[in-house]
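Student:
2 protein chains.
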Amino acid sequence: MDTRDKILAAAKQLILKVGYNAFSFTDISVPLGIKNAAIHYHFHGKEALGCAVIRKEHENLFKWREEVAALDPWTKLDKFFTIYDSNLVHNRICMVGSISSDLYAVPKSMRECLHSMVVDISQWLTELMEEGRNTGFFHFNGSAESKAAVVVTGLAAGLQISRVLGPELFEQIKTQIKLDITPTKDDN
Amino acid sequence: MDTRDKILAAAKQLILKVGYNAFSFTDISVPLGIKNAAIHYHFHGKEALGCAVIRKEHENLFKWREEVAALDPWTKLDKFFTIYDSNLVHNRICMVGSISSDLYAVPKSMRECLHSMVVDISQWLTELMEEGRNTGFFHFNGSAESKAAVVVTGLAAGLQISRVLGPELFEQIKTQIKLDITPTKDDN
DNA sequence: GTCTATATGTCGATAGAC
DNA sequence: GTCTATCGACATATAGAC
Numbered sequence: 018m019d020t021r022d023k024i025l026a027a028a029k030q031l032i033l034k035v036g037y038n039a040f041s042f043t044d045i046s047v048p049l050g051i052k053n054a055a056i057h058y059h060f061h062g063k064e065a066l067g068c069a070v071i072r073k074e075h076e077n078l079f080k081w082r083e084e085v086a087a088l089d090p091w092t093k094l095d096k097f098f099t100i101y102d103s104n105l106v107h108n109r110i111c112m113v114g115s116i117s118s119d120l121y122a123v124p125k126s127m128r129e130c131l132h133s134m135v136v137d138i139s140q141w142l143t144e145l146m147e148e149g150r151n152t153g154f155f156h157f158n159g160s161a162e163s164k165a166a167v168v169v170t171g172l173a174a175g176l177q178i179s180r181v182l183g184p185e186l187f188e189q190i191k192t193q194i195k196l197d198i199t200p201t202k203d204d205n
Numbered sequence: 018m019d020t021r022d023k024i025l026a027a028a029k030q031l032i033l034k035v036g037y038n039a040f041s042f043t044d045i046s047v048p049l050g051i052k053n054a055a056i057h058y059h060f061h062g063k064e065a066l067g068c069a070v071i072r073k074e075h076e077n078l079f080k081w082r083e084e085v086a087a088l089d090p091w092t093k094l095d096k097f098f099t100i101y102d103s104n105l106v107h108n109r110i111c112m113v114g115s116i117s118s119d120l121y122a123v124p125k126s127m128r129e130c131l132h133s134m135v136v137d138i139s140q141w142l143t144e145l146m147e148e149g150r151n152t153g154f155f156h157f158n159g160s161a162e163s164k165a166a167v168v169v170t171g172l173a174a175g176l177q178i179s180r181v182l183g184p185e186l187f188e189q190i191k192t193q194i195k196l197d198i199t200p201t202k203d204d205n
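Residue numbers (my numbering), protein chains in the order written: chain A, 18 to 205; chain B, 18 to 205.
#1: Hey, quick one: how far does the alpha helix (DSSP H) through residue 114 of chain A stretch, first residue to last?
#2: Quick test of the definition: if touching needs 3 or more C-beta pairs under 8 Å, does the segment 43-50 of chain B touch the segment 82-95 of chain B?
#3: Using a Cβ-Cβ cut-off of less than 8 Å, give me the residues of the segment 109-142 of chain A that come near chain B, in sequence order.
#4: Mark residue 211 of chain A as exposed unless 16 or more other C-beta atoms lie within 10 angstroms of its C-beta, in which case mark it buried.
#5: Cβ of residue 56 of chain A within 8 Å of Cβ of residue 71 of chain A?
#6: Could you tell me whether the Cβ of residue 43 of chain B comes closer than 8 Å to any Cβ of chain A?
#7: Using a Cβ-Cβ distance cut-off of 8 Å, determine whether residue 38 of chain B contacts chain A.
#8: Entirely within the segment 112-196 of chain B and at least 4 residues each: give me those alpha helix (DSSP H) ranges in chain order.
#9: Residue 158 of chain B CB to nearest chain A CB: under 8 Å?
#10: If you check the beta carbons only, do residue 196 of chain A and residue 151 of chain B fall under 8 Å apart?
#11: With a 10 Å radius around its C-beta and 16 neighbouring C-beta atoms as the bar for buried, classify residue 99 of chain B as buried or exposed.
#12: Tell me whether the segment 60-68 of chain A and the segment 118-135 of chain A touch, counting them as touching only if at least three CB pairs, one residue from each stretch, are closer than 8 Å.
#13: Using a Cβ distance threshold of 8 Å, determine whether the segment 20-40 of chain B contacts the segment 172-190 of chain A, with at least three qualifying pairs required.
#14: Answer yes or no: do residue 112 of chain A and residue 74 of chain A have a C-beta to C-beta separation smaller than 8 Å?
#15: What's the gap between the Cα of residue 116 of chain B and the Cα of residue 194 of chain B?
#16: Please state if the CB of residue 142 of chain A and the CB of residue 168 of chain A are separated by a distance shorter than 8 Å.
#17: Can you name the start and end residues of the alpha helix (DSSP H) that residue 107 of chain B belongs to?
#18: Quick check: the Cα distance between residue 76 of chain B and residue 104 of chain B, rounded to an integer number of angstroms?
#19: Over what stretch of residues does the alpha helix (DSSP H) that includes residue 62 of chain A continue unbroken?
#20: How would you list, in chain order, the residues of chain A whose beta-carbon sits under 7 Å from the beta-carbon of residue 194 of chain B?
#21: Check whether the Cβ of residue 182 of chain B lies closer than 8 Å to any Cβ atom in chain A.
#22: Going by beta carbon distance, what residues of the same chain come within less than 8 Å of residue 119 of chain A, once the five residues before and after it are set aside?
#23: Can the beta-carbon of residue 171 of chain A be found closer than 8 Å to that of residue 171 of chain B?
#24: Inspect the beta-carbon positions of residue 20 of chain A and residue 59 of chain A and report whether they are closer than 8 Å.
#25: Between residue 200 of chain B and residue 156 of chain B, which are expected to be in contact by the criterion C-beta below 8 Å, what is the C-beta distance as a whole number of angstroms?
#26: Can a CB atom of chain B be found closer than 8 Å to the CB of residue 89 of chain A?
#27: For residue 114 of chain A, which residues in the same chain have their Cβ closer than 8 Å to its Cβ, ignoring the five residues on either side in sequence?
#28: How many Å lie between residue 180 of chain B and residue 121 of chain A at the Cα?
#29: What is the residue span of the alpha helix (DSSP H) that residue 46 of chain B lies within?
#30: By Cβ distance below 7 Å, which residues in the same chain neighbour residue 25 of chain A in space, the five residues on each side in sequence not counted?
#31: List the residues of chain B whose Cβ lies closer than 8 Å to the Cβ of residue 100 of chain A, in chain order.
#32: Might you give, ordered along the chain, the residues of its own chain that have their beta carbon closer than 8 Å to the beta carbon of residue 108 of chain A, omitting 5 neighbours on each side?
#33: Are there 16 or more other CB atoms within 10 angstroms of the CB of residue 161 of chain A, so buried, or fewer, so exposed?
#34: If you run the structure through DSSP and keep just helix, strand and coil, what is residue 19 of chain B?
#35: So, is the C-beta of residue 171 of chain B closer than 8 Å to a C-beta in chain A?
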């Protein structure tokens, strides 16, 4: 892992923990044992760094979707939850929640990076809901798009509010999300 | 409305729009036609101002709950949605979402103010879910607490992601939340 | 690629006049 | 209660040596 990747990784953790505006170059350079000027060599500025972090997160999502593509809907959903779990244990929130909640306090270019990522996540989750319902694994009323929206917001704000009320809340939310798409004996 | 209340109102709007760390005293003093020093006369510092904003929001919630106490569960829920709607149209998010997403970037005293407010909201919404189910207005599986968590996170992150994808998303979320607690002919 | 040194800006805060 | 004036801290950014 070269310096550039280390900077990206550190910046990502900080964005998910304290937000884009609340971290400084020093928060990255000190733990890495480098100087602030070194960060500027790898990235034109904080804005460019922020965009690079979001784009990398988006690329990771892309690869992840290929890995789970062949799995059944319930397993796909469980593995999707796992992504959020890995942030929960470190008191971090998700990238979408962090940037969108600070949306008008980050540069326009970062808003654009986030937009394409959010569109992508919403589409994938909508397709998962549709697929799950068509194959009988899931049952719910309303559009797959609306259901996907409730799921992704439950997870995003679930991480945020779990930092206030404790991690048990997030477990409850995952359980309830599943209950709300579980077919009952009366469904057909 | 005296100067102190004007400062409180302006600070609230800014917290919901750009977040606590992203607004400066100048963002408040210029529109109000006062100087930064005047803000310091009314509040010891930015931290005290932030706490006062959260406490006032909490007090408003308290009064609001008394006003709707006698209404039926569906109307209560609809009126609860209206609170979020009023933020949506101005591209603002909710207080809980704003502070909790920046939780480790705000002073500890503000985290404590937010905590008691979140506990309070969760309790009220849990009781509403329980009341609605007991009276047959709502139907859902799982605990009222978990269902309340899904509802409040849907609304909180709904406002956030609606700033990225557009306000239609929030309408979808409200619709889906209702669908997910609407009794069907098979329920009893 | 990484460093030292510094420029430049902004913010929160405070002292003291009115 | 509100002002003017100013301080000190910190952040991003850059120039130039190594």
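By construction, the Cβ of each residue, glycine as well, lies at the ideal position given by its N, Cα and C atoms. Note that the coordinates shown come from a computational prediction; the quantities given were computed from them, not determined experimentally.
Tutor: Let me spell this out:
#1: That run of the alpha helix (DSSP H) goes 112-118.
#2: Counting Cβ pairs under 8 Å, fewer than three are found: no touch.
#3: 110, 113, 114, 115, 117, 118, 119, 120, 121, 122, 128, 131, 132, 135, 136, 139
#4: Because chain A spans 18 through 205 in this model, residue 211 of chain A falls outside it and cannot be assessed.
#5: no
#6: The beta carbon of residue 43 of chain B does not come within 8 Å of any beta carbon belonging to chain A, so the residue lies off that interface.
#7: Cβ-Cβ to chain A under 8 Å: yes for residue 38 of chain B.
#8: 112-118, 125-151, 161-182, 185-196
#9: yes
#10: no
#11: exposed
#12: yes
#13: no
#14: yes
#15: 24 Å
#16: yes
#17: Run containing residue 107 of chain B: none; DSSP gives neither H nor E here.
#18: 18 Å
#19: No alpha helix (DSSP H) holds residue 62 of chain A; DSSP gives it neither H nor E.
#20: The contacting residues are 167.
#21: yes
#22: Hits under 8 Å: 36, 37, 38.
#23: In contact: residue 171 of chain A and residue 171 of chain B (Cβ atoms closer than 8 Å).
#24: Result yes, Cβ atoms of residue 20 of chain A and residue 59 of chain A sit closer than 8 Å.
#25: 4 Å
#26: no
#27: Around residue 114 of chain A: 173, 174, 176, 177.
#28: 9 Å
#29: 42-49
#30: 69, 70, 73
#31: Correct list: empty, because the minimum Cβ distance to chain B is about 15 Å.
#32: 34, 180
#33: buried
#34: coil
#35: yes
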